[in-house]
Structure formats: C-alpha cells, structure tokens
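Q: Heads up, the sequence shown is in UniProt numbering, so the first residue is 1 and it goes up one at a time.
Idealized CB from N, CA, C, for every residue including glycine.
From a predicted model like this one, the values you see are computed outputs, not experimental measurements.
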Amino acid sequence: MKPYIYAFLTVSLMLSSCKSNETERPHLAIEAPVAKKIPKELTIHGDTRIDNYFWMRLSDEQKNAETPDAQTQEVLNYLNDENEYLNKAMAHTKAFQEKLFNEIVGRIKKDDLSVPVNNNGYSYYTRFEKGADYPLYCRKKLEKDAKEEIMLHGPEMAKDYAYYGFGGQSVSPDNKMLAFAIDTVSRRQYTIYFKNLETGEILKENLSNTGGSATWANDGKTVFYTTKDPQTLRQNKIVKHTIGTNQSEDVVVYEEKDDTFRCGVGKTKSDAYLVIGSFQTLSTEFRVLDANTPNGEWKVIQPRANNLEYTIDHYKNHFYIRTNYNAKNFKLVKTPVNKTEKEHWVDVIPHRDNVFFQGMDLFENYLVAQERKDGLRNIRVMKWDGTDDHYIPFNDPAYYAATTSNLDFDTDVLRYRYSSLTTPNSTFEYNMANKKKVLLKQDEVVDTSFAIDNYTSERLFATATDGTKIPVSLVYKKGLEKNGKNPLLLYAYGSYGNSMEPTFSSTRLSLLDRGFVYAIAHIRGGQEMGRDWYENGKLLKKKNTFTDFINAGKFLIDEKFTSSNHLYAYGGSAGGLLMGAVLNMEPNMWNGVIAAVPFVDVVSTMLDETIPLTTFEFDEWGNPKNKEYYNYMKSYSPYDNVEAKDYPNILITTGYWDSQVQYWEPAKWIAKLRDLKTDNNLLAMYCDMETGHGGASGRFERYKRIALNYAFMLDLEGVTE
1 MKPYIYAFLT
11 VSLMLSSCKS
21 NETERPHLAI
31 EAPVAKKIPK
41 ELTIHGDTRI
51 DNYFWMRLSD
61 EQKNAETPDA
71 QTQEVLNYLN
81 DENEYLNKAM
91 AHTKAFQEKL
101 FNEIVGRIKK
111 DDLSVPVNNN
121 GYSYYTRFEK
131 GADYPLYCRK
141 KLEKDAKEEI
151 MLHGPEMAKD
161 YAYYGFGGQS
171 VSPDNKMLAF
181 AIDTVSRRQY
191 TIYFKNLETG
201 EILKENLSNT
211 GGSATWANDG
221 KTVFYTTKDP
231 QTLRQNKIVK
241 HTIGTNQSED
251 VVVYEEKDDT
261 FRCGVGKTKS
271 DAYLVIGSFQ
281 TLSTEFRVLD
291 ANTPNGEWKV
301 IQPRANNLEY
311 TIDHYKNHFY
321 IRTNYNAKNF
331 KLVKTPVNKT
341 EKEHWVDVIP
351 HRDNVFFQGM
361 DLFENYLVAQ
371 ERKDGLRNIR
381 VMKWDGTDDH
391 YIPFNDPAYY
401 AATTSNLDFD
411 TDVLRYRYSS
421 LTTPNSTFEY
431 NMANKKKVLL
441 KQDEVVDTSF
451 AIDNYTSERL
461 FATATDGTKI
471 PVSLVYKKGL
481 EKNGKNPLLL
491 YAYGSYGNSM
501 EPTFSSTRLS
511 LLDRGFVYAI
521 AHIRGGQEMG
531 RDWYENGKLL
541 KKKNTFTDFI
551 NAGKFLIDEK
561 FTSSNHLYAY
571 GGSAGGLLMG
581 AVLNMEPNMW
591 NGVIAAVPFV
601 DVVSTMLDET
611 IPLTTFEFDE
621 WGNPKNKEYY
631 NYMKSYSPYD
641 NVEAKDYPNI
651 LITTGYWDSQ
661 VQYWEPAKWI
671 AKLRDLKTDN
681 NLLAMYCDME
691 TGHGGASGRF
701 ERYKRIALNY
711 AFMLDLEGVT
721 E
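#1: Suppose contacts are defined by Cβ-Cβ distances below 7 Å. Is Tyr703 in contact with Phe101 by that definition?
#2: Taking a contact to mean a Cβ-Cβ separation below 7 Å, would you say Glu620 touches Lys538 in this structure?
#3: State yes or no: is the C-beta of Asn327 within less than 7 Å of the C-beta of Ile349?
#4: Kindly identify the DSSP beta-bridge partner or partners of Thr323.
#5: Nearest-angstrom Cα distance between Gln247 and Leu207?
#6: Since Ser499 and Leu233 should fall inside the 8 Å C-beta cutoff, what is the C-beta to C-beta distance between them, to a whole number of angstroms?
#7: Among the candidates Tyr518, Asn365, Tyr496 and Phe450, whose CA atom is the shortest distance from the CA of Glu458?
#8: Could you give the distance in angstroms between the alpha-carbon of Lys672 and the alpha-carbon of Asp601?
#9: Distance check for Arg49 and Thr43, CA to CA, integer angstroms please.
#10: By the DSSP assignment, the alpha helix (DSSP H) with Tyr65 in it spans what residues?
#11: Under the rule that 16 or more other beta-carbon atoms within 10 Å means buried, what is Met689, buried or exposed?
#12: Could you please give the first and the last residue of the uninterrupted beta strand (DSSP E) stretch that includes Thr126?
#13: Can you name, in chain order, every residue of its own chain whose Cβ lies under 8 Å from the Cβ of Thr23, other than the five neighbours on each side?
#14: If you follow the alpha helix (DSSP H) that Pro666 is part of, which residue opens it and which one closes it?
#15: Relative to the C-alpha of Glu586, which candidate in Met432, Thr547 and Gly575 has its C-alpha closest?
#16: What residues in its chain sit with their C-beta under 6 Å from that of Glu665, if we drop five residues either side in the sequence?
#17: Skipping 5 residues on each side, what residues in its chain have a beta carbon closer than 6 Å to that of Tyr137?
#18: Please report the distance separating the alpha-carbon of Leu367 from that of Ile706.
#19: Taking the beta strand (DSSP E) that Thr456 falls in, what are its first and last residues?
#20: What are the partner residues of Lys40, as DSSP defines its beta bridges?
#21: Looking at the secondary structure, which residues open and close the alpha helix (DSSP H) in which Ala581 lies?
#22: Could you check whether the Cβ of Gly537 sits closer than 7 Å to any Cβ belonging to chain B?
#23: Using only CA atoms, which one of Tyr632, Val719, Leu577 and Ala644 lies nearest to Thr653?
#24: CB of Lys257 to nearest heavy atom of the ligand FAD: below 6 Å?
#25: Taking just the CA atoms, how far does Pro487 sit from Ala95?
#26: Could you give the residue range of the alpha helix (DSSP H) that holds Thr545?
#27: State the DSSP-derived secondary structure class of Arg380, mapped to helix, strand or coil.
#28: If you reduce the DSSP assignment to three classes, tell me which class Lys88 lands in.
#29: Based on DSSP bridge pairs, tell me the residues matched to Phe166.
#30: Going straight from the alpha carbon of Trp669 to that of Asn52, what length do you get?
#31: Three-state secondary structure (DSSP) at Phe224?
#32: What does the alpha-carbon distance come out to for the pair Ala291 and Asn338?
#33: Jot down the residue ranges of each uninterrupted alpha helix (DSSP H) in the segment 445-530, minimum 4 residues, whole runs only, in chain order.
#34: Less than 7 Å separating the beta-carbons of Arg187 and Trp657?
#35: With Trp621 as the anchor, note down where its alpha helix (DSSP H) starts and where it stops.
#36: Taking the alpha helix (DSSP H) that Asp688 belongs to, which residues open and close that run?
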C-alpha cells in the first residue's frame, strides 16, 4: 500500500549498516509467545494434513458470548500476548510512530469538503470539522441562499463506539426520508435506520442483518434491501419493507438459493427500474421491476449461464448491457426493454482484442465509455448521432481516470476523477461539446514543502518466467540515484480481476521523502491488461501471480532501484496470500514483508463452506473437494508450506472481527512460522481486537496502523526520524 524513506548525505552510511549486529536488535531480548500444539488430522483425497493450531478457531457464538468459555479465553490470551510482544519489540520506535502518525495526519485538511453532487433538487456533500474523526452528511436545496441541512452528524453518532461504520445512504424520491446503514461491530452486518428529514425524527423501525443499503421505489414509502445468512454472511435474500411497519412484516421478494451466488438490489440511472442482481465469479443474472409498481412481478433480463457475465442500465426504450457474451474483453450491447434475452442483443461497442471495456455512462446526447488499453484507463466520449468520437487526453506515464457522480441525463458536462502517483486525487468537469475541462477540486496536501514536481513516476515492464511483460508503476523523489542501495516497497494484489491503480497517496510521502521507492507490480490475477490477464492468474494458473511478483522484484533489483537487503513487500487480504506465497518461495529476496489481513490458510478455508466467502469463490481458487484443485492449492497455500528455514522480517496485521479473512488464519500462520523458522529476524503480529477487515472506522485512527507499518520498515533501514 505505501512506500518509505528519505535520505540525507548520511543516509548511505545508515543504509549500509542497516544489517547491524543482530544481537543489538531489541526483539531478541524479548520472549516471544509460543502457541500450544493440539494436533488435528485433516484428511481428504487420501491425504492427511496435521494442523497443530486448529484449536484457535472460534465460532461466532463463542466470540459474542458475554462470558468467554475456556477455549475463547485461551485464544484471547494468545492474541493479547502477540500484541504485547509486538508492543515490546517495537517499543523503541514508539516516539517515531507518533511522529509518523502526526506527520501523516498533518497533511490532511481537517475541515475538508467534498465536491457537491446535485440530485433531484438538492446538492449533497460531506464535510469534516476540525478534529472530527467522522464526517457530517449534508445537503442544500438548489436555490439561492439555501440553508445547510445536516442529515447525519457523524461525530455525535459515533462518539460512544469503538467502531462505527457508515454504510449506504439513500434519500426517498420525495426528498423527505433518509435510509442509512450503520455497523458497530465491523462484521459488515448493517442495521438500516430511517430519518424523517423534515422533522429530524429517527423512526423506531429498523432493519437488522442487512447488506448495508436500501433502494427506494418511486412511491417514496417502499424500500428494498438485502439480508445475510447469519453464518456465512452471504447476501441471499431481497426483502421489501414498507415505511411504518415492522421488519417482521417484510416480504422476501427474491431468495438466491444457489450458495455460489450472492445478490443485491439497486436502481437504474433513469430511476425507471428497480434491479436485482445475482453475482458469481463467472456468472451474473439480473431481473427488473417498474419502479412505479413495487408490488409487481420481476422480469429476468437474461437467465444465468456458466461463463456469462453482464450488467445493465436503462436509457429510453432500451437496456444497455456490458457483457462478455462472445466477447472475452467485454462489449456494450443494447436490447429493447420488452425483448431482453441475448438473442436480441445488438452491438453498440463491439468486442476488441486489445481493449478491455470496463463500463459506460449514458447521457441524452452522449455515450461515455470507460476502457483500458495497454494497462491504462481511458475515457471515450461518443455522440449518439455519430458526429463525434474522442478520448479525453491524459499525460502521466501511469495514472487513474474514471467517471463519477453523473446523475443527470440531459447535460453536456461529464464529471470524472483523475489521479497519478504524483498528482493528488482531482475532480474535473469536462464539457463534451467544446472539450474544455474545469478542475473542481484537487485534494489538498497540507504541507508547504510538497510540490508535484518534486517526484518522478515511471512505468516499466518486468519479464515474467514465461516471457510475459509485467507492468510496474514506480514513484520516487527526484534526484534519486539508481545505485542498488535504495529501500523499495513493492505492492501488489493480483486476485479477483481487481486492477491496482497508480494513484496518489499523501501518506506515502513519509516514505518517499525518506528515500524510498514505491512500486506497484500489476501482476496477473488483476485485469490491467485485459481479461486474459485475470484468467492467467487464477485457479490452476494462480502461481503466475506469485512468480510475476517475484520477477518484478528481481527486475527492480537488476535495474539498480534496490537490492534484496533493502527490498520490502506489502499485500493485504488476497494480497496477503501473495505475501505468504512469496515468503515460502523466495524468502531471501526481501528484507521485510508486511501481510495485512492475510488469506493464508487457503485449503482449510476453501474446504469449509460455513466460512463467509467460501462458496462463491470456487471459480476464483477452485474447489478443493476436487482432487486436482486440492493438490494445486496445497502446493502454494502459505500456511501448509511453512518450512524450517530462514525467513525475513515479517509484520502481520489482522482484526478479531474480520468477516472476510477470519483472524485465526494469520494467528495460526504466525504460530507455525515462529515454531519452524530458523532465523533471528523479527516476526510480529498486531490483532486489532475492536475491528474487522477494513481496520478502524475513524478518519484518522487508521493511520496509526500505517505508522506502525512504516516504522517497521524504516527501523530496519536504520532510519529513526
């Protein structure tokens, strides 16, 4: 996620001595926690694995019990012991962490204001007051001298909670009622509340165990929402609620019974149709209902089929559909609203082998396409009458650009966001007729020493094991000498087709200004280079993700950006799996590795369908009940491949309430690493006992973990201020 270190003239001396006498390293004088072993045999396909730390897994009932049972208490004791060990091992960096935290937070504008978005007669925005950790959600009428209406006062609402996560917010079509979602546990199980915006009253009725958003029918009194399976947390039902009634009276209008799918509900940009979507890794299905008749019958657009993906929007007499039907890199088609099956689909933007079609925005006179070519995003503007077709120009070697908040049909103005590794996030309005753009806002870096021209970004290509060219985006302080002595942080994700965008981070300046290079490896498993990029980094080709990352690191060493003595790696969630895999494959290549909420116990998790996310991820990782997938998965699963050998310095972070990657995966992993590793390097874990997958909910609190990450790396480089 982030990079590091600045250097004075003395830095070269500091870096050359960073591998100082290991006996001087503080953690060596501290006794590390030792987890007890209770061998458990796990047998399938005639193969038996021994899991000595299976006992660390707790059920939700155990975690939520008022009084911990013996097992729960033992797990809590172990996690707290790990936290205490980390605190002691990093105690000498405490003041430095505080300095880093203050430095990072100091760059953030405290009384910030979002760019207002106009909708249905109001202008909506969020703003922060100085010192506040949570925003105020506000609106004003679109009229002269309109007064601000504070819909939700985040600081007041969150003041008594250790965690307070805001979900979706939706205003009724008559502008009188607000539906908003809150999670106070960090398990992504939201409760939806309703507020009368005219009186300020919070209604007594609320909707529990939801996915976190509500969609209004056009009558202003009916809402649709998702509920979750209480064990797997899969969104499996769409429910209809009428304002003024209790949740017990709500009606299930759709249940997704295939446990490899999850479902959601929304609305088309035209507000003409309510939409239910069912989603699997390689298949989708949508059904629609006239938003004026919420009690009517839902109609399926196109029945689900294996390897058929599509999404929909509506304009005039047609549905516009992004699909991979006969189009690996996706295309845009349209179909009449009364003839929606795929035999009626007509190409609007045909499939192209060298362009990945990502999405569209529909306007009265224009069709705007978001595309990706050669790994970079582009915004294409086309007039419906065919008289104009052009791309908005962007100049950085690596950047991110995407349309945003375009709620009006009848306008020539397109709003989009732009950022690069050197350019803060910027919001533009672009006149599609005269091709002129206006900068509405660029995120302010509250630091008088900051200037975009102080930094250099590059986009290079590493060569993979099979000869494939892997894009690598880099940023560093101008004047940096490529002498192999620079500390470098290499980041990647590489799963689910998620592309890692080269965007700006003011947080990252704390590393760049201390001499670090920051690099993103756009490895296979994402979709930076098109659909094949994803297909060649999943299932039985998953190891390409790991070898791509390793080869990117070797390339950066060969190009003299860094050396193995100064090379660091970071990844989170599925990117934490990446960290675990490369640690086993090339442990001597890194001086330090940070694995955040890491998915490392791959085989056991994918064999357990009671765990959230498991069932609808078989198309991503494979189903280990199939012997071929089991054997392949076992061959790279980080937890299963820990060996008695030297590992680099490792910092692991997790959250006790994580619903995406359960806390016991990293807890078991560190226990096994500590038991088997043969080195004296630092191995530590921080388990946040109050949060889940996304970490702290507050605006600033999350930066304490980033300060810890930075201090971990900077300390290894001998940088102390």
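A: Working from what's here:
#1: Contact: yes.
#2: Yes, Cβ-Cβ distance for Glu620 and Lys538 is below 7 Å.
#3: According to the sequence provided, residue 327 is Ala. The question's Asn does not apply to it. For Ala327 and Ile349, no; Cβs fall outside 7 Å.
#4: The partner list for Thr323 (beta bridge, DSSP) reads Tyr310 and Lys331.
#5: When rounded, the distance between both Cα atoms is 6 Å.
#6: With 8 Å as the limit, Ser499 and Leu233 do not qualify as a contact, their Cβ atoms being about 26 Å apart.
#7: When each option's Cα is compared against that of Glu458, the closest is Tyr518.
#8: Those two C-alpha atoms are separated by around 11 Å.
#9: In a straight line, the C-alpha of Thr43 is about 6 Å away from that of Arg49.
#10: According to the sequence provided, residue 65 is Ala. The question's Tyr does not apply to it. DSSP places Ala65 outside any alpha helix (DSSP H), giving it a letter other than H or E.
#11: Exposed, because fewer than 16 other Cβ atoms sit within 10 Å of the Cβ of Met689.
#12: Segment Tyr122 to Arg127, the beta strand (DSSP E) holding Thr126.
#13: With a pLDDT of only 40 at Thr23, under the threshold of 50, the placement of this residue in the model should not be trusted; the figure read from the coordinates follows. If we look at Thr23 and ignore the five residues flanking it on each side, it has no Cβ neighbours.
#14: Its alpha helix (DSSP H) spans residues Trp664 to Leu676.
#15: Closest by alpha carbon: Thr547.
#16: When the five nearest sequence neighbours on each side are left out, the beta carbons in the same chain lying within less than 6 Å of the beta carbon of Glu665 are those of Val600 and Asp601, in order along the chain.
#17: Excluding sequence neighbours, Tyr137 sits near Thr126, Met151 and Leu152.
#18: When rounded, the separation of the alpha-carbon atoms in Leu367 and Ile706 is 41 Å.
#19: Thr456 -> beta strand (DSSP E) spans Tyr455 to Thr463.
#20: Answer is Asp51, bridged to Lys40.
#21: Residues Ala574 to Met585.
#22: The structure shown has no chain B; it contains just one protein chain.
#23: If we check each option's Cα against that of Thr653, Leu577 comes out closest.
#24: Questions concerning the ligand FAD fall outside what the structure shown contains, since it holds no ligand whatsoever.
#25: Whole-angstrom Cα-Cα distance: 22 Å.
#26: Here the alpha helix (DSSP H) through Thr545 covers Lys543 to Asp558.
#27: Under the three-state reduction of DSSP output, Arg380 falls in the strand class.
#28: Reduced to three states, the DSSP call for Lys88 is helix.
#29: Checking the DSSP bridge columns, you'll see Phe166 partnered with Ile182.
#30: The C-alpha of Trp669 lies about 11 Å from the C-alpha of Asn52.
#31: Under the three-state reduction of DSSP output, Phe224 falls in the strand class.
#32: Near 16 Å, if we compare the C-alpha coordinates of Asn338 and Ala291.
#33: Qualifying alpha helix (DSSP H) stretches, in chain order: 509-512.
#34: Contact flag set, yes.
#35: Its alpha helix (DSSP H) spans residues Phe618 to Trp621.
#36: Per DSSP, Asp688 is not a residue of any alpha helix (DSSP H); the beta strand (DSSP E) it occupies stretches across Leu683 to Asp688.
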